[in-house]
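Asker:
Number of protein chains: 4
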Amino acid sequence: MIIIMGRDVTDEQIGTVVKRLETAGLKANISRGIERTVIGAIGDERQLNEEMFTPLPGVESAMHVTKQYKIVSRESHKQNTVIDIGGIPLGGNQIQIIAGPCSVETQSQMDLSAKYVHEAGCRMMRGGAFKPRTSPYAFQGHGEEGLQMFRQAAAGHNFPIVTELMDARQIDLFLKYDVDVIQIGTRNMQNFDLLKEVGRLNKPVILKRGMSATISEWLMAAEYIAAGGNHNIIFCERGIRTFETAYRNVLDVTAIAVMKKETHLPVIVDPSHAGGKAWMVPALSQAAIAAGADGLLVEMHPSPCDAWCDADQALTPDELKKLMVTLGAIAGAIGRTL
Amino acid sequence: MIIIMGRDVTDEQIGTVVKRLETAGLKANISRGIERTVIGAIGDERQLNEEMFTPLPGVESAMHVTKQYKIVSRESHKQNTVIDIGGIPLGGNQIQIIAGPCSVETQSQMDLSAKYVHEAGCRMMRGGAFKPRTSPYAFQGHGEEGLQMFRQAAAGHNFPIVTELMDARQIDLFLKYDVDVIQIGTRNMQNFDLLKEVGRLNKPVILKRGMSATISEWLMAAEYIAAGGNHNIIFCERGIRTFETAYRNVLDVTAIAVMKKETHLPVIVDPSHAGGKAWMVPALSQAAIAAGADGLLVEMHPSPCDAWCDADQALTPDELKKLMVTLGAIAGAIGRTL
Amino acid sequence: MIIIMGRDVTDEQIGTVVKRLETAGLKANISRGIERTVIGAIGDERQLNEEMFTPLPGVESAMHVTKQYKIVSRESHKQNTVIDIGGIPLGGNQIQIIAGPCSVETQSQMDLSAKYVHEAGCRMMRGGAFKPRTSPYAFQGHGEEGLQMFRQAAAGHNFPIVTELMDARQIDLFLKYDVDVIQIGTRNMQNFDLLKEVGRLNKPVILKRGMSATISEWLMAAEYIAAGGNHNIIFCERGIRTFETAYRNVLDVTAIAVMKKETHLPVIVDPSHAGGKAWMVPALSQAAIAAGADGLLVEMHPSPCDAWCDADQALTPDELKKLMVTLGAIAGAIGRTL
Amino acid sequence: MIIIMGRDVTDEQIGTVVKRLETAGLKANISRGIERTVIGAIGDERQLNEEMFTPLPGVESAMHVTKQYKIVSRESHKQNTVIDIGGIPLGGNQIQIIAGPCSVETQSQMDLSAKYVHEAGCRMMRGGAFKPRTSPYAFQGHGEEGLQMFRQAAAGHNFPIVTELMDARQIDLFLKYDVDVIQIGTRNMQNFDLLKEVGRLNKPVILKRGMSATISEWLMAAEYIAAGGNHNIIFCERGIRTFETAYRNVLDVTAIAVMKKETHLPVIVDPSHAGGKAWMVPALSQAAIAAGADGLLVEMHPSPCDAWCDADQALTPDELKKLMVTLGAIAGAIGRTL
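Same order as they appear, the protein sequences are chains F, B, A and H.
Start counting the first sequence at 0; every next residue gets the next number (numbering that gives the first Met the number 0).
Start counting the second sequence at 0; every next residue gets the next number (numbering that gives the first Met the number 0).
Start counting the third sequence at 0; every next residue gets the next number (numbering that gives the first Met the number 0).
Start counting the fourth sequence at 0; every next residue gets the next number (numbering that gives the first Met the number 0).
Dropping the structure here:
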């Protein structure tokens, strides 16, 4: 922690800061500059927070010099973590493309989807049974019945399944249908009670970035899960909210590079929600893989025009197949496999 | 719903759109311009969503012309709704200042706080027992014990109490301690399962705006509560996230004026979280009241420097008292009372 | 300047940083913490910039501890600066409302506008002769002829006039028509060559905040003007760009409070461009004055529906008159006059 | 243009809108829905702007249905425009990497840079003689002397040169030193007088996107240049400003795909300013090319640690060489060449 004192600081004010540091078990290094005096804390600064100092008289600002996240940090674990999902590795050299429809609609839609996902060469499948919708009057997902249909469709291809958990009270259902990867959606990235609950499970968790979450908040949200004992966390960048209105979100490719530097955990990308239009998905997918993402979460629907939600952003089976070929070539260009 | 067709649209493509409209029970008005053909839907467009049309060939874009929110909309209810909170009206001519500490710490801190809130002339009290913290290692609130202390401190002054609900599983506790106003925090604005639950209660709900929620998303979130039967909703603007880093959030005063136009429900402001610094609170409070807010949710602590959280933003008892005087004068200037 | 070294820093890396500091004439204070080593620069850090250190091996980050702006900073000049504009003080206890149309259209429109501005009780007038328009095909302003009409209309009421300068080559014209206050528009806030030119003039300058300029960039832009010798600078907050699309910009009232703390120069607000709709202007104007603004730059048109530009946001003469009454009452409530 | 009338619209209000349309030479299509009446304009709507209607009584909103940009739009020119820069094509199948230092410092630095740019296999060179700096006290560029040094260094390799123009009064110098490509910087994207001037030249222009410019504003800025007769415009995405503070800007890869759809002109990317750190440049460059960019504007310095500006973001000569190899492979993966 560094505490910057205002211009006309007094010795007494400095003394109060130093005392607070010492009470917390740290020592102070005082550096008197010409315009500012800077006090550095020596010791384990995770005990401190900035607000312990900023309201004190004479203090201009205070800031941490170490990261507040620990378990998820690359400082604590240098090598990439590879997460095993039903025998499929995520976070290693091989890139994983998780495809499937936005929402589970019918058994035949799911069976067809599974077939197409398989034909495109993907190894995992996505689909939503509980749907977070902006309007209370929109289709909210089939719930348990949806999980059942999804499980059945995936069985034929031995696909691990990925689906969104919206509330802690649904966890028993998720365990009953043995969901392989639990997805925490954008709107729940800081639903701390939910994070604590999945932190107690022994299941991989995809943690989507909040619509306007900073890198640091995202890592801290993951730390909530990790602190509970569950270290199988996969970050998923899905576009951030900005001033631009020509597209739904701005896919933040810089975040991929920065996250890979800050954490040892896998980072994947959802190009479908990022752009919001199917025609943008190939360009965004290619960018994500080229920037170093470990995988994608892509929407594909047997017949996008008839999809019950997000029809706009689903690829057709043929488009997915074609995209996989290009992604394979890009993976090769950067020394990875698909 | 208006559907704008691309430049080289064919009759067949127009036909497909019209058929979809008719299937949904609406009629089409076709307007062939020089560069674009526009199809207008005639009928109840709440049945439609944009994605029913945008993936169709030849469609450039589609947009609603009516609002998607109904119960909370001023179109459905012209007069201001005044919510009764233990005999205190919110949303009428009288402005309500709800003050108190960020978090419940000790019984004596709460007793002192209640005394100061009373002395300043406020009629309701705030305080957090369940705290959403960015870090899992930070103080998470006293939980039930906190509710108990809060209830006891408020009793002496007959203060209705306002406190945050973070998870549906805490509702029984909230009913046990008869919390007067349930606050849904910023990070839970789109926790739809939680919104549905408070929609079933018969308690006023303060719905804080999400950090980067649009006006429309905020109103739709309230519609989730209202759709469940609970119409006692109070909107609380608390600053939005922007590119600016010199302060924590940007208090969006424009939102106050816009919300008062769009909804009949009360709109209050949290100036403490908006700025993040106690010295900014008076200016922001004054701006909020001058712009038409129906009340404030202000942090005050008997001894800010010793507060367990958000120490930086709490007013001292004296500062609150002084602020109340200025706010009274501003209320008078715009024909209201405090 | 504080330089934070990475985790596994070596003595040699620390040595390189220290040497660079010493070469620049400063001294180093080295504080070895448990997880990070922090090097503080002692001396005049305005000689340094962060990039002198961040590319060096072992450096994690570097940051200034003093402000980069000097002349405009309140640290350099504690009292409020009151700028004299043709005998009218801006920045003192009296609040100034500068009103007038968006653009100069005709002589009679300007004459009428001047009459209404006078009747409302304002003491200065605004109007644009050179107009920055998003489209090259839109009305670009009358140029010199516009200045002439404006000058003539203002003469009858002895109004100082405020108008926008878009290019250094127009300065001679501005001097010819003796423009009293030169406005630098949002899009030119960082047109550094233009700032340098007005820095050489002896005329008050209104510097509008860039659409997404930080407080610090805004102050640095003013420092460009001040560094040239012209210290008569008036800051004008006009709304910032955010994710919200329900209104054109978000009026940043927090910026008013923060700027008044950071600089001794006057801060005014443009509520018309901020909201973009005339009906929002009263609420925003009231908020701005209540938050501590020294004045407003408001659009008023004799007949808004017929305005050649920004018709949407101009008040009618009656609306302006009514607003002035309310603003007078709010000014009184906070101990100022109008 | 579509004009949406409010709920309780009267025939008289509709009549006023229709009359305004007819006065402008267009016809009206009136579509009376259940909740809203929609009026469509039939004819050349470029004559209209939204503000001609929004202030009229009964009007809720108005919006264009056609794009306001014409010359730069792909609607007006289906094929990709390939711009010839001293014999080197930009915008075709071959991707161009324009490399060089942030600013021209010395002759030897430029000679060395040119050598390394050549060795890496690039065909064009960048370098700044006029520098837009946030602080008036920072190095502002060598001006004419810088152009001279740049010209001389480039001569040995027949490199076309790219450099920034900050003010119309510098144009004669740019012509004197025969600058091959004129760069308009981020802060000047809406410096309309400057755009008009380069619109009169017969030189390719790189138009950088403003820090928070929408796609539509960016295209309209280019239309200013094109309207003057100069159609040799190259768009350059350089990262946008968002809430995220972990990196300088967010590279908007979605913009690449969207711009390639909206305009026939080339789109390049500046990965150096986007991220602000050299270590991010490879990932961002790879993403940009994979997403479909026609080229890059990359900073490389013979000795980044000693660079006079933006030292943080310059690649070393070796890093550039290595990056070129990877980019070549990615280009191949998407069917292009480098």
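Idealized CB from N, CA, C, for every residue including glycine.
Please read all numbers here as calculations on a predicted model, not as lab measurements.
Helix, strand or coil for A:Ala-40, going by three-state DSSP, please let me know.
Answerer: strand
Asker: Can you list the residues of chain B that F:Ala-137 reaches, using a CB-CB cut of under 8 Å?
Answerer: Asn-48
Asker: Counting contacts by CB-CB distance shorter than 7 Å, is F:Gly-32 in contact with chain D?
Answerer: Included in the structure are the protein chains F, B, A and H, with no chain D among them.
Asker: So for A:Val-81, helix, strand or coil by DSSP?
Answerer: Coil at A:Val-81, not helix or strand.
Asker: Which chain A residues are close to B:Ile-255, counting only those with a beta carbon under 9 Å from its beta carbon?
Answerer: Ala-282 and Ala-286
Asker: Using beta-carbon positions only, say whether H:Ile-1 and H:Gly-57 come within less than 7 Å of one another.
Answerer: Against a cut-off of 7 Å, the Cβ pair of H:Gly-57 and H:Ile-1 comes out as no contact.
Asker: Taking the CB atoms as reference points, tell me whether A:Ala-306 and A:Ile-70 lie closer together than 7 Å.
Answerer: no
Asker: Give, in chain order, every residue of the segment 237-264 of chain F whose Cβ lies closer than 8 Å to some Cβ of chain A.
Answerer: Arg-240, Thr-241, Phe-242 and Thr-244
Asker: For B:Ile-13, count neighbouring C-beta atoms within 10 Å of its own C-beta (all shown protein chains included) and say buried if the count is 16 or more, exposed if not.
Answerer: buried
Asker: From H:Gly-5 to A:Glu-44, what does the alpha carbon distance come to, in whole angstroms?
Answerer: 59 Å
Asker: Anything in chain F within Cβ reach of H:Ile-214, meaning under 9 Å, just list it in chain order.
Answerer: Glu-243, Thr-244, Ala-245 and Tyr-246
Asker: Would you verify that the beta carbon of A:Ala-23 is, or is not, closer than 7 Å to some beta carbon of chain H?
Answerer: Nearest CB-CB separation between A:Ala-23 and chain H: not below the 7 Å threshold.
Asker: A:Glu-143: which of A:Arg-132, A:Gly-155, A:Gly-127 and A:Ser-134 sits nearest, CA to CA?
Answerer: A:Gly-127
Asker: Less than 8 Å between the CB atoms is what I'm expecting for H:Glu-222 and A:Pro-135, so what's the real figure, rounded?
Answerer: 6 Å
Asker: For a test of the three-state rule: what should DSSP assign to H:Ala-385, helix, strand or coil?
Answerer: Past the boundaries of the shown model lies residue 385 of chain H; chain H is included only from 0 to 337, so the question cannot be answered.
Asker: Whole alpha helix (DSSP H) runs in the segment 242-293 of chain B with 4 or more residues, listed along the chain?
Answerer: 252-261, 270-274 and 280-289
Asker: If the cut is a Cβ gap below 8 Å, which residues of chain H does B:Gly-39 touch?
Answerer: Result: Ser-30, Gly-32, Val-37 and Gly-39.
Asker: Where DSSP assigns a beta bridge to H:Asn-28, which residues make up the other side?
Answerer: H:Gly-39
Asker: Mind pulling the chain A residues with CB within less than 9 Å of B:Ser-211?
Answerer: Thr-241, Phe-242 and Glu-243
Asker: In this structure, does DSSP put B:Gln-182 in helix, strand or coil?
Answerer: strand
Asker: Rounding to the nearest angstrom, what Cα-Cα distance links B:Ile-33 and A:Thr-105 in this structure?
Answerer: 34 Å
Asker: Cutting at 6 Å between CB atoms, please list the residues of its own chain near A:Leu-193, excluding the five before and the five after it.
Answerer: Ala-167 and Asn-187
Asker: Where H:Val-324 and H:Asp-269 are concerned, what is the direct C-alpha to C-alpha distance, given to the nearest angstrom?
Answerer: 18 Å
Asker: Report the partner residues of H:Met-412 according to the DSSP bridge assignment.
Answerer: Lying before the first or after the last residue shown, residue 412 of chain H is absent from chain H, which here runs from 0 to 337.
Asker: Using the rule of at least 16 other Cβ atoms within 10 Å of the residue's Cβ for burial, across every protein chain shown, is H:Gly-228 buried or exposed?
Answerer: Answer is exposed; the Cβ neighbour count stays below 16.
Asker: Considering Cα atoms alone, identify which of H:Glu-59, H:Leu-174, H:Lys-276 and H:His-156 is closest to H:Leu-146.
Answerer: Answer by Cα proximity: H:Leu-174.
Asker: Out of A:Thr-36, A:Phe-52 and A:Arg-35, state which residue places its alpha-carbon closest to the alpha-carbon of A:Thr-22.
Answerer: A:Phe-52
Asker: Can you give the Cα-Cα distance for H:Ala-152 and H:Ala-119, rounded to whole angstroms?
Answerer: 16 Å
Asker: Pick from A:Arg-199, A:Glu-59, A:Thr-241 and A:Gly-90: whose alpha carbon is nearest that of A:Ser-211?
Answerer: A:Thr-241
Asker: Just checking my contact of B:Leu-264 with B:Ile-97 at CB under 8 Å: how many whole Å lie between their CB atoms?
Answerer: The Cβ separation is near 16 Å, so there is no contact.
Asker: Assuming A:Met-344 and H:Phe-191 form a contact by the criterion Cβ under 8 Å, report the distance between their Cβ atoms to the nearest whole angstrom.
Answerer: In the structure as shown, chain A starts at 0 and stops at 337, and residue 344 of chain A therefore has no counterpart that could be examined.
Asker: Determine the burial state of A:Arg-208: buried for a count of at least 16 other Cβ atoms within 10 Å of its Cβ, exposed for fewer.
Answerer: buried
Asker: Output, in sequence order along the chain, the residues in the segment 63-83 of chain F whose CB is closer than 9 Å to any CB in chain H.
Answerer: none
Asker: I want to see whether chain H comes within less than 7 Å of B:Ile-2, judged by CB atoms only; does it?
Answerer: no
Asker: Going by DSSP, name the residue or residues bridged to F:Ala-98.
Answerer: F:Ala-98 pairs with F:Met-124 and F:Val-297.
Asker: Which same chain residues end up closer than 6 Å to H:Gly-85 when comparing Cβ atoms and leaving out the 5 residues on each side of it in sequence?
Answerer: Pro-159 and Asp-179
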